[in-house]
Amino acid sequence: MTTLTDRPGTALLVIDVQNGVMAASLDSAAVVERIAGLVERAREEGVPVVWVQHSSEELPRGSEQWEYVPGLQRADGEALVHKQYGDAFEDTDLEDVLAAAGAGRLVVAGAQTDACIRSTIHSGFTRGYDVTLVGDAHTTEDLSAYGSPPPAGVVAHTNLYWSYQRAPGRTAAVVPSAEVAFTA
């Protein structure tokens, strides 16, 4: 259970599923489809959906690359967190958004596995959140030219190590999208 005992709720974090990020990502169409299904289920169950959107030199705010992919649309009233660093908590209002929603448990999907997903799940976990990574709903591009394993290896390794993450008073888990339970 979360160490944030006054926050019994769950939030779905949809991280950086933007045109410029997903264009070269592994299995992007299938990942977007699974995320869309998670968003729909979260909405049906009254679970807050929090959209995280990265901006950088490669993803200038307002550009086509910066926009979320066409298959995912933020609904009126759903939180949008703008970030400039990999960690969605770093120099953003994400913590305030989650506190206002009463969320102590995070379900995380999106991109990029080896950057923004990795840093956000670790950051959330160290801040006291229970963190579930949706194992078939995160992806990355091929960075093997820089020494990284191929994208499928990055996704598999992240799922592997996150499934064994432990800390006092918190849980970490990896589940496929079909098995995500938004209630603890």
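Position 183 of the sequence shown, counting from 1, maps to 183 under the UniProt record's numbering, and the rest follow consecutively. Ideal placement from N, C-alpha and C gives every residue a C-beta, glycine not left out. Values in this document were obtained by computation on a predicted structure and should not be read as measured data.
Count the other CB atoms, across all protein chains shown, that sit within 10 Å of the CB of residue i; report buried if there are 16 or more and exposed otherwise.
i	result
L160	exposed
A11	buried
L80	exposed
residue 240	There is no way to answer for residue 240, as the model of the chain reaches only from 1 to 184.
G104	buried
G135	buried
A137	buried
S63	exposed
P151	buried
R34	buried
Have a look at the DSSP bridge pairing and note the partners of residue i.
i	result
T139	A111
G9	A103
S144	Partner(s): none; S144 has no beta bridge.
D130	R105
I15	V52, G110
R166	T171
V81	V52
Y68	Q18
S25	E141
For residue i, which residues in the same chain have their Cβ closer than 6 Å to its Cβ, ignoring the five residues on either side in sequence?
i	result
S163	V174
V131	L106, I121, G124, F125, A172
E45	F182
Q165	A172
Q53	H82
Does the Cβ-Cβ distance between residue i and residue j come in under 9 Å?
i	j	result
Y68	V17	yes
A36	G71	yes
A111	T140	yes
V154	L143	yes
G102	P176	no
L38	V180	yes
G20	E58	yes
Q84	D91	yes
A23	Q65	yes
Assuming residue i and residue j form a contact by the criterion Cβ under 8 Å, report the distance between their Cβ atoms to the nearest whole angstrom.
i	j	result
T3	G147	Wrong, their Cβ atoms sit about 36 Å apart, outside the cutoff.
A88	I15	6 Å
Who are the Cβ neighbours of residue i in its own chain at under 8 Å, not counting the five residues just before and after it?
i	result
R74	V49, W51, Y68, L80
H157	P149
G128	T2, T3, L4, G104, G169, R170
Beta-carbon within less than 7 Å of residue i's beta-carbon, same chain only, minus the 5 sequence neighbours each way: which residues are those?
i	result
R118	T158
D27	T139
A167	F125
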